[in-house]
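Below is one structure, written out as structure tokens, with a few remarks after it.
Residue numbers (the numbering used here): 1278 to 1388.
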């Protein structure tokens, strides 16, 4: 819940703002993420495009939450994650990794 609350203070990516025509917000976002500050906003945007020349289209959280395909993917991921936790697969992987790390030197030296 805290992460969701903090996200309201983190700006969208500069690419999202630039694609949607919000240039002033894009400048603030560039300053936030890349620490690029110029007196001329066009120079800041140009340096951003030089650093990140090709970015795919992006949508915001609200638009993403309205898409049934995205919501279905998030729901499926949540179910799979919960199934892994409740089935004990994560615990068995953790145990086998810990076992291998502890006894690998003994097993290798006896080979």
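We put the CB at the ideal spot given by N, CA and C, even for glycine. None of the values given here were measured: they were computed from a predicted structure.
Beta-carbon proximity of residue i to residue j, cut-off 8 Å
i, j, result
"residue 1290", "residue 1323", "no"
"residue 1282", "residue 1295", "no"
"residue 1325", "residue 1311", "yes"
Alpha carbon of residue i to alpha carbon of residue j, nearest angstrom
i, j, result
"residue 1341", "residue 1293", "13 Å"
"residue 1316", "residue 1308", "12 Å"
"residue 1318", "residue 1305", "10 Å"
"residue 1328", "residue 1363", "43 Å"
"residue 1280", "residue 1338", "14 Å"
"residue 1373", "residue 1349", "33 Å"
"residue 1365", "residue 1351", "21 Å"
"residue 1356", "residue 1297", "33 Å"
"residue 1376", "residue 1361", "20 Å"
"residue 1370", "residue 1313", "43 Å"
"residue 1368", "residue 1320", "51 Å"
Please specify which runs of the beta strand (DSSP E), each continuous and at least 3 residues long, are wholly inside the stretch 1333-1383, giving them in chain order. none
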